[in-house]
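Colleague:
There are 2 protein chains.
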Amino acid sequence: MNNREREMTAEVLKAMAHPVRLGVIELLSGGEKTCTELFEQLGCSQSLMSQQLKILCQQKLISIRKEGTQKYCALQNPDFLKLFDCMSKHLRTFLHFKG
Amino acid sequence: MNNREREMTAEVLKAMAHPVRLGVIELLSGGEKTCTELFEQLGCSQSLMSQQLKILCQQKLISIRKEGTQKYCALQNPDFLKLFDCMSKHLRTFLHFKG
DNA sequence: TTAGAACATTATAATCTCTTAATGTTTAGG
DNA sequence: CCTAAACATTAAGAGATTATAATGTTCTAA
Chain S
1490 MNNREREMTA EVLKAMAHPV RLGVIELLSG GEKTCTELFE QLGCSQSLMS
1540 QQLKILCQQK LISIRKEGTQ KYCALQNPDF LKLFDCMSKH LRTFLHFKG
Chain H
1490 MNNREREMTA EVLKAMAHPV RLGVIELLSG GEKTCTELFE QLGCSQSLMS
1540 QQLKILCQQK LISIRKEGTQ KYCALQNPDF LKLFDCMSKH LRTFLHFKG
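Sequence lines, in order, name chains S and H. The opening residue of the first sequence carries number 1490 in my numbering; numbering runs sequentially from there. The opening residue of the second sequence carries number 1490 in my numbering; numbering runs sequentially from there.
1) By the criterion of Cβ-Cβ separation under 7 angstroms, what are the contact partners of residue 1495 of chain H in chain S?
2) Looking at the strands, I want to know which residues DSSP matches up with residue 1522 of chain H.
3) Which word fits residue 1498 of chain S, buried or exposed, when buried means at least 16 other C-beta atoms lie within 10 angstroms of its C-beta?
4) Return helix, strand or coil for residue 1539 of chain H, following the three-state DSSP convention.
5) Along the chain, where does the beta strand (DSSP E) containing residue 1555 of chain S start, and where does it finish?
6) Output yes or no for whether 9 angstroms exceeds the beta carbon distance between residue 1501 of chain H and residue 1538 of chain H.
7) So, does the CB of residue 1529 of chain H fall closer than 9 angstroms to a CB anywhere in chain S?
8) Residue 1518 of chain S: which of H:1536, H:1549, H:1490 sits nearest, CA to CA?
9) Please report whether the beta-carbon of residue 1577 of chain S lies at a distance below 9 angstroms from any beta-carbon of chain H.
10) Does the beta-carbon of residue 1556 of chain S have 16 or more other beta-carbons within 10 angstroms, so that it is buried, or is it exposed?
11) Considering Cα atoms alone, identify which of H:1573, H:1495, H:1549, H:1529 is closest to residue 1504 of chain H.
12) Examine chain S for any beta-carbon lying closer than 9 angstroms to the beta-carbon of residue 1520 of chain H, and answer yes or no.
13) Determine the chain H residues that contact residue 1565 of chain S at a beta-carbon separation under 7 angstroms, and present them in chain order.
14) Let me confirm a value: residue 1563 of chain S is counted as buried when at least 16 other C-beta atoms fall within 10 Å, else exposed. Which label applies?
15) Using a Cβ distance threshold of 8 angstroms, determine whether the region 1522-1540 of chain H contacts the region 1578-1586 of chain H, with at least three qualifying pairs required.
16) Just the Cα atoms here: how many angstroms apart are residue 1565 of chain H and residue 1515 of chain H?
17) So which residues on chain S does residue 1538 of chain H lean against when the C-beta distance must stay under 9 angstroms?
18) Considering only residues of the same chain and omitting the five flanking positions on each side of residue 1521 of chain S, which have a CB-CB separation below 6 angstroms?
19) Identify the continuous alpha helix (DSSP H) that holds residue 1573 of chain S and give its terminal residues.
20) Thinking just about the alpha-carbon of each residue, which of H:1506, H:1583, H:1523 is nearest to the one in residue 1552 of chain H?
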């Protein structure tokens, strides 16, 4: 990895590094959802969700398609779901997380 | 994942989400290195490296052992190396990165 | 054509991150 | 003991992130 690549990778990781945004990725593993479903199920405001979705979209972690007055979000790169297992294991093994 | 778990996961991801810290992880994939080797090879200041290593250590991404006046850093959880492939692919496929 | 639902944008204040510079600590060797 | 090497800590300014509140846009259905 050269420096440019590390910078871009850092941006993608930053885009994931937020509880709400992780929640979105996790929820979308079950299939498409609208913005409203996402903020209701994650218990945050509509405005916050809209901002967070933009960040995920910019890094191409999710895609958004419009249908009437709604927008449907979907995972763009399901590879990142593997990361959740890896993280759970890390939390438990190295950070002594007790779920 | 519950909310606490997502918060902790976000912290781990944030610890990786920095060009220098990614560089450290990458360099350590080749085996132990001292702090001096790390900041020299990544071209940053000693002070900056020391601070970044602390962050990686707090999230248990690296471990540090002391030997005389030096400190040797090593990867604590090599699972995260898999992430580099995943990221490279993501950059190229979705973010049109040309290496 | 207009009201309401779904979503986006903007502004703002608080908090965090990043980098540099300066200084402190520990250890080995002479 | 004294010095230099290796590393850590602290402080401070610039910049980024976060959450909330307020307002704007777009589209549908009545």
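Quick reminder that beta carbons are idealized off the backbone N, C-alpha and C, glycines included. It should be emphasised that the depicted structure is a prediction, and the values quoted were computed from it without experimental measurement.
Modeller: The relevant details are as follows:
1) 1508, 1511, 1512
2) Note: residue 1522 of chain H is bridge-paired with H:1562 in the DSSP secondary-structure output.
3) By the neighbour-count rule (16 or more Cβ atoms within 10 Å), residue 1498 of chain S is buried.
4) helix
5) Per DSSP, residue 1555 of chain S belongs to the beta strand (DSSP E) from 1551-1556.
6) no
7) no
8) H:1490
9) yes
10) With fewer than 16 other Cβ atoms within 10 Å, it is exposed.
11) H:1549
12) no
13) 1583
14) exposed
15) no
16) 13 angstroms
17) Per Cβ cutoff of 9 angstroms: no residues; residue 1538 of chain H is ~15 angstroms from chain S at best.
18) Taken in chain order, the residues that qualify are 1561, 1563.
19) 1571-1583
20) Per the Cα distances, H:1523.
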